[in-house]
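Asks: What follows is a single structure, and I will ask about it in a moment.
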Amino acid sequence: MQRINAIDLGFPLAVEEQIADFIVPENVHLHPGHITVLYTDGIRETEDINGLQYGLEQLIAVIRLHRQLSATQIEDAVIQPWRRLIAPLSPV
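Printed below as a string of structure tokens:
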């Protein structure tokens, strides 16, 4: 697994109209069977009522476990435990 971290961009989306000056291009070679996952920090930084985050390691583990599935199935595999995490925080 190759992780490309965009955290050093240092600004939230939609703050700057043009972001070309902030981006460093990186070439990634994809081959048959490789997958690309884009996610928002809202997934990995979500906390339950005890302050436990969904976390990057859980996100990676779920993707690795389900990598052979379709994109929609991988999405569901990521979102379902995330929804269980936030369920106690959601209004009834």
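Numbering (our numbering), first residue to last: 9 to 100. All residues carry an ideal CB built from backbone N, CA and C; glycine is no exception. Every value quoted in this text rests on a predicted model; they were computed, and no experiment measured them.
(1) Under 6 angstroms Cβ to Cβ from Ala85, same chain only, skipping five residues before and after it: list those, please.
(2) Residues in the same chain with beta-carbon distance under 7 angstroms from Tyr47, minus the five sequence neighbours each way, listed in chain order, please.
(3) Of the residues His37, Tyr62 and Val45, which one's Cα is nearest the Cα of Arg92?
(4) Taking the CB atoms as reference points, tell me whether Met9 and Arg52 lie closer together than 8 angstroms.
(5) Does Glu83 come out as helix, strand or coil in the three-state DSSP assignment?
Replies: According to the data block:
(1) Val70 and His74
(2) Leu67
(3) Tyr62
(4) no
(5) helix
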